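Chemist:
In the working numbering, the protein residues as written are 9 to 159.
This is the structure in structure tokens:
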């Protein structure tokens, strides 16, 4: 799959959430509208696997974390994809929030304690993104592309 096809897949999600508050209600909406075992998420996961193998996704690496901004703006969100394996990432904050799609690759991988599916961080939150119990691909949707690395 190429970047245009990938963008079309992710646009199904961003189009459905644009303008919504980044909160627990959004997490519940995403779980219902785009379940982790559903067709859309399966297609996004397959596209990520193919793109990483092709070399145009997660084409940067630092500290054992492969990453890259795939789309600068899609319905007001940037789209970043990160591949992590039992690692703690750099501390950062989300001025406008962050929406994450966790896709375990091996083991029972968890991202910040959450398994396969959606994780939503509200505006002003911060964390060290952490993958435990295996490897995972995490798709990040950042409103306005805003992220602030703090340490």
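Don't be surprised by glycine CBs; every beta carbon is placed ideally from N, CA and C.
Small disclaimer: the values here were computed from a predicted structure and weren't measured.
1. Relative to the alpha-carbon of residue 12, which residue among 103, 87 and 119 has its alpha-carbon at the smallest distance?
2. I'd like the span of the beta strand (DSSP E) that includes residue 80, first residue to last.
3. With residue 104 as the anchor, note down where its alpha helix (DSSP H) starts and where it stops.
4. So, does the region 55-64 touch the region 125-143, judging by three or more C-beta pairs under 8 Å?
5. Do the region 81-99 and the region 137-144 make contact, defined as three or more Cβ pairs closer than 8 Å?
6. Take residue 141 as the anchor and find which of 147, 117 and 48 has the nearest alpha-carbon.
7. Suppose the cutoff is 7 Å on Cβ atoms and the five residues either side in sequence are ignored; what does the same chain contact list for residue 41 look like?
8. If you draw a straight line from the alpha carbon of residue 35 to that of residue 43, how long is it in whole angstroms?
9. Opposite residue 149 in the DSSP bridges: which residues?
10. What is the DSSP secondary structure of residue 124, counted as helix, strand or coil?
11. Leaving out five residues before and five after residue 3 in sequence, what residues of the same chain have Cβ atoms less than 6 Å from its Cβ?
12. Just grab the DSSP bridge partners of residue 68 for me.
Modeler: Considering the structure as presented:
1. 87
2. 73-82
3. Neither: residue 104 is in no alpha helix (DSSP H) and is coded neither H nor E.
4. no
5. yes
6. 117
7. 24
8. 11 Å
9. 87 and 107
10. coil
11. What is shown of the chain runs 9 to 159, which leaves residue 3 out entirely.
12. 75
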